[in-house]
Structures are given as C-alpha cells and as structure tokens.
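Chains E and R, in that order, are what the protein sequence lines are. If you count by the numbering used here, then the first sequence holds residues 5 to 228, one letter each, in order. If you count by the numbering used here, then the second sequence holds residues 5 to 228, one letter each, in order. Input: a single structure, listed below in structure tokens.
Protein chains: 2
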Amino acid sequence: MAPSPPHQDTRSRLIESAILHFAAKGYDGTGIREIAKGAKANSALVTYHFCGKEGLFLEALKAVFSRKTSPLTGLQPPLPADAPGARQAALEGLRAYLRAFITELMFCDARDPLDEAAMVLMAREMQSPSEAAAPVLMAHIEPYVTYLMACLSLLRPDLDEEALFLMGNSIQGQVLHFRNSLGIIRLLRGNPAFPEDLEKLIQHFIGFSLRGLGVPEAFPQPRN
Amino acid sequence: MAPSPPHQDTRSRLIESAILHFAAKGYDGTGIREIAKGAKANSALVTYHFCGKEGLFLEALKAVFSRKTSPLTGLQPPLPADAPGARQAALEGLRAYLRAFITELMFCDARDPLDEAAMVLMAREMQSPSEAAAPVLMAHIEPYVTYLMACLSLLRPDLDEEALFLMGNSIQGQVLHFRNSLGIIRLLRGNPAFPEDLEKLIQHFIGFSLRGLGVPEAFPQPRN
DNA sequence: TCAAGGGTTAATCACTCGTTTGAATTGGTC
DNA sequence: GACCAATTCAAACGAGTGATTAACCCTTGA
Numbered sequence: 005m006a007p008s009p010p011h012q013d014t015r016s017r018l019i020e021s022a023i024l025h026f027a028a029k030g031y032d033g034t035g036i037r038e039i040a041k042g043a044k045a046n047s048a049l050v051t052y053h054f055c056g057k058e059g060l061f062l063e064a065l066k067a068v069f070s071r072k073t074s075p076l077t078g079l080q081p082p083l084p085a086d087a088p089g090a091r092q093a094a095l096e097g098l099r100a101y102l103r104a105f106i107t108e109l110m111f112c113d114a115r116d117p118l119d120e121a122a123m124v125l126m127a128r129e130m131q132s133p134s135e136a137a138a139p140v141l142m143a144h145i146e147p148y149v150t151y152l153m154a155c156l157s158l159l160r161p162d163l164d165e166e167a168l169f170l171m172g173n174s175i176q177g178q179v180l181h182f183r184n185s186l187g188i189i190r191l192l193r194g195n196p197a198f199p200e201d202l203e204k205l206i207q208h209f210i211g212f213s214l215r216g217l218g219v220p221e222a223f224p225q226p227r228n
Numbered sequence: 005m006a007p008s009p010p011h012q013d014t015r016s017r018l019i020e021s022a023i024l025h026f027a028a029k030g031y032d033g034t035g036i037r038e039i040a041k042g043a044k045a046n047s048a049l050v051t052y053h054f055c056g057k058e059g060l061f062l063e064a065l066k067a068v069f070s071r072k073t074s075p076l077t078g079l080q081p082p083l084p085a086d087a088p089g090a091r092q093a094a095l096e097g098l099r100a101y102l103r104a105f106i107t108e109l110m111f112c113d114a115r116d117p118l119d120e121a122a123m124v125l126m127a128r129e130m131q132s133p134s135e136a137a138a139p140v141l142m143a144h145i146e147p148y149v150t151y152l153m154a155c156l157s158l159l160r161p162d163l164d165e166e167a168l169f170l171m172g173n174s175i176q177g178q179v180l181h182f183r184n185s186l187g188i189i190r191l192l193r194g195n196p197a198f199p200e201d202l203e204k205l206i207q208h209f210i211g212f213s214l215r216g217l218g219v220p221e222a223f224p225q226p227r228n
C-alpha cells in the first residue's frame, strides 16, 4: 500500500522544487510562491515545515550534499605510514581518488535535471558559501581533502605543508574548474564542451596531476 | 577648482557603488536604493542614467572588465610558426603568460575593496554568465585563450585539438580555482590562505603547469 | 532677461516579497 | 460519533521592490 505520511511527501516535494529553483535563479531570485507552485503545495507550508525560506534553503543544501554517496567509499582507508609499498599504494590511491572524484562527483547524469541542479547549487556554494551553509559544506569536503593530502605527502615527502597544499589545490582545481566554469567553457567551445569519452577525460586528469606533482613514473622516459 | 561636470561624477559614483554592492550581495539581493545611497545619489538616477537596474549592472560589468589593463600587454605577439627557436620562445611565452595572469589578473590589491569586489563579480560571471553579460565576458577572455593555446600547440605539436584544450583547461583551472574558490579555501585553511610570497606561488603554478603539460625541461632529471 | 534643457529631487505608482493568521481538513484514538 | 493534534489552505499584512512622475535647480545660449 505504501501509505507514507502525506506530510513527508510535501516536505520532500518542497525540498526537491527548492533545489531546482534555487539552482536556476539563485536564493534571492527565487520566490517562495514559485517553489511552492513547483511542489504543488501552499506557500505557507514553507514557514510551517522549515521555519521560513532560509530554513528551506539550508535543508535543500543538506539534501544536495548527502544526495551523492561519498566517492571515497570503496577507497582504501588512510594509508599505512611507511610500510613497504606505501609509496606504490599512495600512487594507486591518488589514481583511484581522481577517478572516483571525477566520475561520481563531477559528472552527474546530465539527463536528470535534479542532479544537474544539485551540482550547480554545490558549485555556487563552494565559490561563495552562505554563512549558514559553511558547516555543511565543510563537513562534506573535509574527508576528500584529508585523503588527498595523505596521498600527496606520501608521494612527495620532501615538500613542506604549504607546498603540499599548493599541489592539492592545483590537482583539485583542474577538475573543479572544469565543472564550475562549464558556463564559460560552453561559451568558448560550444557543445559538447568536453569529450564524450569519460575515460579519456579521466586519463588526462590523472596524467596531468601526476606529472604536475612530480611523480617520475608518470613522466615519459627521456630518449637516450 | 576642479569643476568637473557633476553628472559625470554621479554616473561613475553609481557604477562604483554598484560594483561594491552587486559583488557583496548579488544582483537580486541588491536594491537600487541601496546602491544610490552608497553613491550619495537619488535612486531615480539609476533609471535616468542607465535605463534601469539591469543597465547599471551591465555598465558595472563593463567597468570591471576594462578596469584591469590586459595582462597580455607586454607579451610578445602570437609566436612565429616554425622559426628556429620557436619552441624555446613558446616555453618562455607560457612562463610569462602564467606570471602575468597570476599577478595582474588573479591577485588584486586586497586592501582596495573596489578591486576585491571587481574580482568577485568577474568570478561569479564566469561561473554562471548572465545572458546579457556573455558578450562582454567572451570579448575579454578570448585573447587569453588564443595566446595560451598558441603556446601549447607549439610545445606539444603531437597532441590533437581536444587534448590541447584539456591541457589549457588544466593550466587555467588551477589558477582560476585558486581565485574563485577562495571562499572555501579560506574555510579550510584559515587566513592567510596562500603564501605571502607571490613569487613562490608563481613558481609553483609555472612548475606544475609545465610538468603537467609534459615539457621535459621542467621535469627533474632522473638520477642514474 | 528669459526660455531651454540636462541633471536632480521627493513623492508616489503598481507590484512582489516572506510571513502571519485563523479557519478548514485530515487521520488517528477513545 | 466526539475529540485532538497535525497538516493544509486562502487571504491578508507590512515592508520593500524597480520604475515613474512632476516639480525644481542650475548652467547655457539667445
């Protein structure tokens, strides 16, 4: 029968509509009535269920961040310190990380409008986090940073913390830029703005990152 | 005496205030009365001088983009085709490009609020360009892309257009991400989020980019 | 001296905003 | 059926939106 309490229905319908509308026109550009209409609900319910527009926005953000299962699932836990083969493990860990990051986080199902909207919302929040949303954002991102930095410090033990941070920034930056600046990239290149073949993209990012990081294995052997 | 036509004064004061306010609270989050108050002017003047709020926004964007003289000034014009030393010239061109890009475009005078606001506005427009602003944006960015791609195709003549584009994206992406995501970076690392020493930053970006691109000169010599 | 016109002003327009209110409706329990 | 709390609804509230109006400087040219 799936009776499912009707109030839960409207609640989630409101959140879903909010994600779509906030992504499309921003927080200030979106009206409560608009969202309610999209959810086939009364606008007063926003206040009732979420204590107002801002509460709904926050709830929508939480939903967006927890929507995608963390790409880190399935990756080996923080690497062993200086066990034998630690370096090789870190290398594979970084490769796996980038693959997971790109596939699961960056490239959603373009045919699912809700998925698309979620990405737009996340990107916007990363660029200029709303005060209220900062904790949610941080909690979601922190594990990625930790994992990545662990790999980097194993691969380049000669670098200090600041240099490692710059490496991490450059690696993440490529991929995030690719997602966040799709707007301008599309303007410059037209559609499709990137290779249909996702694997080609992944290989590029992995190769560029490893070379940039200064991992000898990734660099073409000099002819002699 | 400095008589200076009063109408020109208010016009530019309005634009200046608009940049500050639009950057701080976005287009929809900013009211024209707020902007007018910041410019010590009457809100009706927005319509009078700019045909309305949207006109003022567009004018503010134009002002932002033409504010900074193009970092490409002073760089050698498009490189010679296959003249002798073309490769070395391209290498130096890319280094100079990155240096100019970082210093002049990415890192404004942080003590100048107007400069800061201009960057915020540009970053936002790059991520999700307003329909009306797209042409302005394109015109400003296109020369950068052209120059960069010219360097890249000389340094990696073995790559096809798509691969070159990915390289360009990765190179630009690092730097742009660094600027555009200062919000989240500050959250993760606190202040100051990046090295005080600008030169250190430049060297990192140049090194990472050249290695990532696959330029042998940039890679540490294997010990043998 | 006076009309003309661009720049500026306060006052007001019609409209939308997020929120509040109080009544109607629903589903469950006795 | 009677009761209750949770949910939904239409209607209205006050504040604020961008745009418009008509009057008012103040300089300019005849």
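We put the beta carbon where it would ideally sit given N, CA and C, even for glycine.
Pick from the options that is closest to residue i, judged by C-alpha positions
i              : options                           : result
Y148 (chain R) : R:S132, R:L163 and R:G172         : R:G172
M231 (chain E) : E:A197, E:Y101, E:E200 and E:F198 : Not covered by the structure: residue 231 (chain E). The range shown for chain E is 5 to 228.
D119 (chain E) : E:E96, E:L95 and E:R71            : E:R71
I189 (chain E) : R:Q131, R:S213 and R:M126         : R:Q131
A167 (chain E) : R:A94, R:F54, R:L186 and R:E200   : R:E200
L214 (chain E) : E:Y31, E:R99 and E:I23            : E:R99
Q92 (chain E)  : E:Y31, E:L156 and E:P133          : E:L156
R128 (chain R) : R:A90, R:L202, R:D116 and R:R183  : R:R183
A94 (chain R)  : R:L163, R:L158 and R:K204         : R:L158
R17 (chain E)  : E:L49, E:K29 and E:G30            : E:L49
K29 (chain E)  : R:L191, R:P133 and R:G194         : R:P133
G97 (chain E)  : E:D162, E:S47 and E:T150          : E:T150
S47 (chain E)  : E:G216, E:R37 and E:D162          : E:R37
G56 (chain E)  : E:I145, E:I19, E:I210 and E:H144  : E:I19
L79 (chain E)  : E:E221, E:E108 and E:P88          : E:E108
L192 (chain R) : E:D116, E:H144, E:K204 and E:M126 : E:H144
R160 (chain R) : R:T51, R:P117, R:R115 and R:E221  : R:E221
Partner residues on chain E for residue i, Cβ-Cβ distance less than 8 Å
i              : result
A138 (chain R) : L191
Q92 (chain R)  : Chain E residues near Q92 (chain R): none, gap ~18 Å exceeds 8 Å.
F169 (chain R) : R193
Chain E residues whose Cβ lies nearer than 9 Å to that of residue i
i              : result
I145 (chain R) : I188, L191 and L192
D32 (chain R)  : K29, G30, Y31, D32, G33 and T34
E42 (chain R)  : Correcting the residue type first, residue 42 (chain R) is Gly in the shown sequence and not Glu. Neighbours of G42 (chain R) on chain E: none; closest Cβ ~18 Å, over 9 Å.
V149 (chain R) : L192
A25 (chain R)  : Checking the sequence, you will find His at residue 25 (chain R) rather than Ala. The premise fails here: H25 (chain R) is roughly 13 Å from chain E at the closest Cβ pair, so nothing lies under 9 Å.
H53 (chain R)  : Within chain E, no residue comes near H53 (chain R); the closest Cβ sits about 24 Å away, beyond 9 Å.
F69 (chain R)  : By Cβ distance, chain E contributes nothing, its closest Cβ being about 13 Å from F69 (chain R), past 9 Å.
Beta carbon of residue i nearer than 7 Å to that of residue j
i              : j              : result
I106 (chain R) : V179 (chain R) : yes
G35 (chain R)  : S21 (chain R)  : no
R103 (chain E) : I206 (chain E) : yes
V124 (chain R) : A45 (chain R)  : no
A121 (chain R) : L186 (chain R) : no
G177 (chain R) : H53 (chain E)  : no
D32 (chain R)  : G33 (chain E)  : yes
S174 (chain R) : F198 (chain E) : no
L60 (chain E)  : A136 (chain E) : no
L163 (chain E) : H208 (chain R) : no
G194 (chain E) : G216 (chain R) : no
Residue i: contacting residues in chain E (beta-carbon distance under 7 Å)
i              : result
R215 (chain R) : R215, G216 and G218
E166 (chain R) : P199
P196 (chain R) : Under the 7 Å cutoff, chain E gives no residues; its nearest Cβ is about 11 Å from P196 (chain R).
F223 (chain R) : F223
L102 (chain R) : Those within 7 Å of L102 (chain R) in chain E number zero; the least Cβ separation is about 12 Å.
F61 (chain R)  : Within chain E, no residue comes near F61 (chain R); the closest Cβ sits about 13 Å away, beyond 7 Å.
Within chain R, the residues that residue i reaches when beta carbons sit closer than 8 Å
i              : result
N173 (chain E) : Q178, H181, F182 and I189
S132 (chain E) : V124, R128 and G187
L141 (chain E) : I188 and L191
Under 7 Å by beta carbon: chain R residues contacting residue i
i              : result
F105 (chain E) : Chain R residues near F105 (chain E): none, gap ~14 Å exceeds 7 Å.
Query raised in the report: Per the contact definition of three or more C-beta pairs closer than 8 Å, is the region 55-75 of chain R in contact with the region 124-140 of chain R?
Result: yes
Requested in this report: Could you pull out every unbroken alpha helix (DSSP H) segment of at least 4 residues lying fully inside the region 160-212 of chain E, listed in chain order?
Outcome: 165-184 and 186-193
Query - Within the region 5-55 of chain R, ranges of the alpha helix (DSSP H) (whole runs, at least 4 residues) - result: 10-33, 36-42 and 48-54
**Report entry** Sequence ranges, alpha helix (DSSP H) only - wholly within the region 126-162 of chain E, length at least 4
**Finding:** 138-159
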